[in-house]
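Encoded as C-alpha cells, the structure appears first; notes follow it.
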Amino acid sequence: MLARPELFDALYSVVDADTPALIEEILHLRYKAYCLEHPWLDPNDYPDGLERDGFDDVAIHIALIHRRSRAVVGGVRLVLPEGDGGIDTLPIVELAPPATRPLLSGLPARRTAEVSRFAVSKAFREAVVKDRSRCGAAAGGRHREVERMLMPYATLGLMRGIERHARRHGITHLCAVMEPALMRLLARIGLRFTSLGEPIAFFGVRQPCFMEIAPCRAAVREASAFGYAVITAAPNPAAAMALPAATARQNTPYETGVEAAA
-6 MLARPELFDA
4 LYSVVDADTP
14 ALIEEILHLR
24 YKAYCLEHPW
34 LDPNDYPDGL
44 ERDGFDDVAI
54 HIALIHRRSR
64 AVVGGVRLVL
74 PEGDGGIDTL
84 PIVELAPPAT
94 RPLLSGLPAR
104 RTAEVSRFAV
114 SKAFREAVVK
124 DRSRCGAAAG
134 GRHREVERML
144 MPYATLGLMR
154 GIERHARRHG
164 ITHLCAVMEP
174 ALMRLLARIG
184 LRFTSLGEPI
194 AFFGVRQPCF
204 MEIAPCRAAV
214 REASAFGYAV
224 ITAAPNPAAA
234 MALPAATARQ
244 NTPYETGVEA
254 AA
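Below, the structure written as C-alpha cells:
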C-alpha cells in the first residue's frame, strides 16, 4: 500500500495551538518528555505538570492531533526574531557556545526563526505499533496498516506547521538546537540542517544547526513526493477540531511517554 497525503490528513490534523487548552496540552507533553521520560528536569519544579519557559509567551505553537482519539500527540514551537534584536532574541543564543556566535551572525537577522521544543508522544508511537486498538483505529487490517505505515511521518506534520508560518512571516532560515537523530530523520526526506559548531549538553546531546528553507523545500520535492505533499499542504479550515476541555489531558490514552527531539 502506497502512502498518500490524503491518508495522512485522514489520520492527523495539524493546527495552530492558539487556545489555552491546546497550549496546555503541548506543555504537558513537554513535561512528560523532559521531566518523566528523561531525567533532564526536576518534576517537583513543575507541580502543574506543564513544562514552560520565557519564550512560550511569544512563540507560535503548533499541535499534531490524532483525529480518531482527538489526542494531542505532538507539538513544536517557532520563535520569531523580535525587532532590531534579530537572532540575539532567539533561545539558541543562550545555549550555543561562544565559538558559534560568528556563524549565527552570518544568518539573516530578521528572517531567521528558531524551531524548538519538538516532541511527539512516545506512548502514542508504541500504541500504534503494539496495540492499535488503543489508538482508536477502526477495526480491520487495512486501517491498522495505514496507522502503522504513517507513524514515522508524524514528524512531517509538525514541519508542515513550521513551513506554513515561515512563509507567512517572511522567514527564510531556520535554526535549532536539535537531537542528532532528528536531524538524520529529516535529512532522509531532504530537510538537511547544517551543523553550527560542536554538539552541546542540553536535554541530552543536541546539535546547534540551521537550514535555508528555499533549497530545502526543493530538495524535499526531489527526495520524497509524499513528504513534500505533507509538508506543503494548504491549510484546511475543516481540519481544525474542537478539543476536549483543558483538564482532559489527565485522561488521555497517551500519558506514559514522549520522545523529545529539540
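The sequence shown maps to residues -6 to 255 in my numbering. Ideal Cβ positions, reconstructed from N, Cα and C, are used throughout, including at glycine.
Cutoff 8 Å; reference residue i; Cβ partners in own chain excluding five residues on either side
i, result
"Leu83", "Val72, Pro74, Thr105, Ala106, Glu107 and Cys168"
Straight-line gap, residue i to residue j (C-alpha atoms, nearest Å)
i, j, result
"Glu215", "Leu149", "16 Å"
"Ala14", "Leu151", "18 Å"
"Ala3", "Arg23", "25 Å"
"Pro91", "Asp81", "13 Å"
"Gly42", "Val223", "32 Å"
Residue i (DSSP reduced to helix, strand or coil)
i, result
"Cys128", "Legend: pLDDT at Cys128 = 45, less than 50; position of this residue unreliable, value from coordinates given subsequently. In this structure, Cys128 counts as helix in the three-state DSSP scheme."
"Gly68", "strand"
"Ala147", "helix"
"His158", "helix"
C-beta atoms of residue i and residue j nearer than 9 Å
i, j, result
"Gly154", "Asp9", "yes"
"Glu(-1)", "Leu20", "no"
"Ala159", "Ile206", "yes"
"Val86", "Leu97", "yes"
"Phe219", "Arg(-3)", "yes"
Neighbourhood of residue i by C-beta distance below 6 Å, restricted to the same chain and skipping five residues each side
i, result
"Ser188", "Gln200 and Cys202"
"Pro192", "Val198 and Gln200"
"Ala132", "The predicted position of Ala132 is uncertain, since its pLDDT is 46 and thus under 50; a value taken from the coordinates is nonetheless stated next. Cβ neighbours of Ala132 beyond the five flanking positions: none."
"Arg94", "none"
Own chain, CB closer than 7 Å to residue i, minus 5 neighbours either side, in chain order
i, result
"Phe275", "Residue 275 cannot be examined here, being either before or after the span of the chain that is shown, -6 to 255."
"Gly163", "Arg104"
"Thr225", "Glu156"
"Leu34", "Tyr27, Cys28 and Glu44"
Buried versus exposed, by CB contacts within 10 Å (16 or more), residue i
i, result
"Gly99", "exposed"
"Ala52", "buried"
"Arg110", "buried"
"Ala211", "exposed"
"Arg277", "Residue numbering for the chain in the displayed model covers -6 to 255; residue 277 lies beyond these limits and cannot be assessed."
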